[in-house]
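Asker:
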Amino acid sequence: MQKLTTAIALTTAAVALAAGTAGPAAAAPATPTPLPAQHLALHSWTLLNEHGPGPNPGERLTAQVSARTVDGHTRGHVVVQHVFEKTGTIRAEFDVDCLTVDGNGAVTVTGPISQIVVTPLGGKPYLFEEGQHPEAGLTFYPTDEQHQRRVGWDRTNPQMHSEVVKCGTVPASLWVIDGGTFLRR
């Protein structure tokens, strides 16, 4: 149990640190310029790695998104799940309150976290930070000059000095190693 709690803290720290120190592909968060279109749909399932563009033995980090905007009203759901083979699983879920595409083609979804469920290996699931609903966000960036797909993932966490702003892009902190993201306008 203590190892899983430590893994949660380390994962949160690593993601927050990576978000703050990413290279040129991760520009500072900026207010996106939403498309004038009134209808957007985003569907994504991606296998991610926080350490680089290759496989990550011992861990499995995935993001699943289903979101749409119709006549200016956005709805959807996001699940980000981090499975550690030796300690357990952390699953964060948030309801989408904003779906935007900026001028460079980066697609962002944000919303309040509805729950974070921690399941220790061989143990029972429990709610982490129950009752707290910080803003969370995912930004899917277009393929960069090195032909790599990047994703920004973060949640507001005052202890890590991270803040996700509704409709704001999240700096790239992860690499996509499998899966796809589909935007329909």
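Under mature numbering (1 follows the signal peptide of the UniProt record, and there is no 0), the letters of the sequence shown match residues -27 to -1, 1 to 158, in that order.
All C-beta atoms in this analysis are idealised placements derived from N, C-alpha and C, irrespective of residue type, glycine included.
If you're wondering where the values come from, they're calculated on a predicted model, not measured in any experiment.
Contact between the stretch 116 to 127 and the stretch 146 to 154: three or more CB pairs below 8 Å?
Answerer: In short, these stretches touch, since the Cβ pair count reaches three.
Asker: With distances taken between CB atoms, is the gap from T154 to D75 smaller than 9 Å?
Answerer: Along the sequence shown, one-based indexing puts residue 154 at 181. Along the sequence shown, one-based indexing puts residue 75 at 102. Contact flag unset, no.
Asker: From this set, T42, P28, P30, T19, which residue's C-alpha is nearest Q11's C-alpha?
Answerer: Locating residue 11 in the sequence shown gives position 38, where the first residue counts as 1. Cα-wise, what sits closest to Q11 is T42.
Asker: Of the residues H134, G78, A36, which one's Cα is nearest the Cα of G152?
Answerer: To locate residue 152, count along the sequence shown from 1; it is residue 179. With distances taken between Cα atoms, G152 lies closest to A36.
Asker: Can you find the residues in the same chain that come closer than 6 Å, C-beta to C-beta, to T19, ignoring five residues on each side of it along the sequence?
Answerer: If you number the sequence shown from 1, residue 19 lands on position 46. Answer for T19: A36, V149, G152, listed in chain order.
Asker: Mark R122 as exposed unless 16 or more other C-beta atoms lie within 10 angstroms of its C-beta, in which case mark it buried.
Answerer: Taking the sequence shown and counting its residues from 1, the one referred to as residue 122 is at position 149. It counts as buried.
Asker: DSSP three-state call for Y99: helix, strand or coil?
Answerer: Residue mapping note: residue 99 aligns to position 126 of the sequence shown, counting from 1. Note: Y99 maps to strand in three-state DSSP.
Asker: Distance, Cα to Cα, P93 vs H120?
Answerer: Working through the sequence shown from its first residue, we reach residue 93 at position 120. Working through the sequence shown from its first residue, we reach residue 120 at position 147. Taking the straight line joining both Cα atoms gives about 36 Å.
Asker: Who are E118's beta bridge partners in DSSP?
Answerer: Position 145 of the sequence shown, counted from the start, is the residue given in the question as residue 118. E118 pairs with nothing; no bridge assigned.
Asker: Out of V80, P115, E58, G84, which one is the CA nearest neighbour of V51?
Answerer: Numbered from 1 along the sequence shown, position 78 holds the residue referred to as residue 51. Of the candidates V80, P115, E58, G84, the one whose C-alpha sits nearest the C-alpha of V51 is G84.
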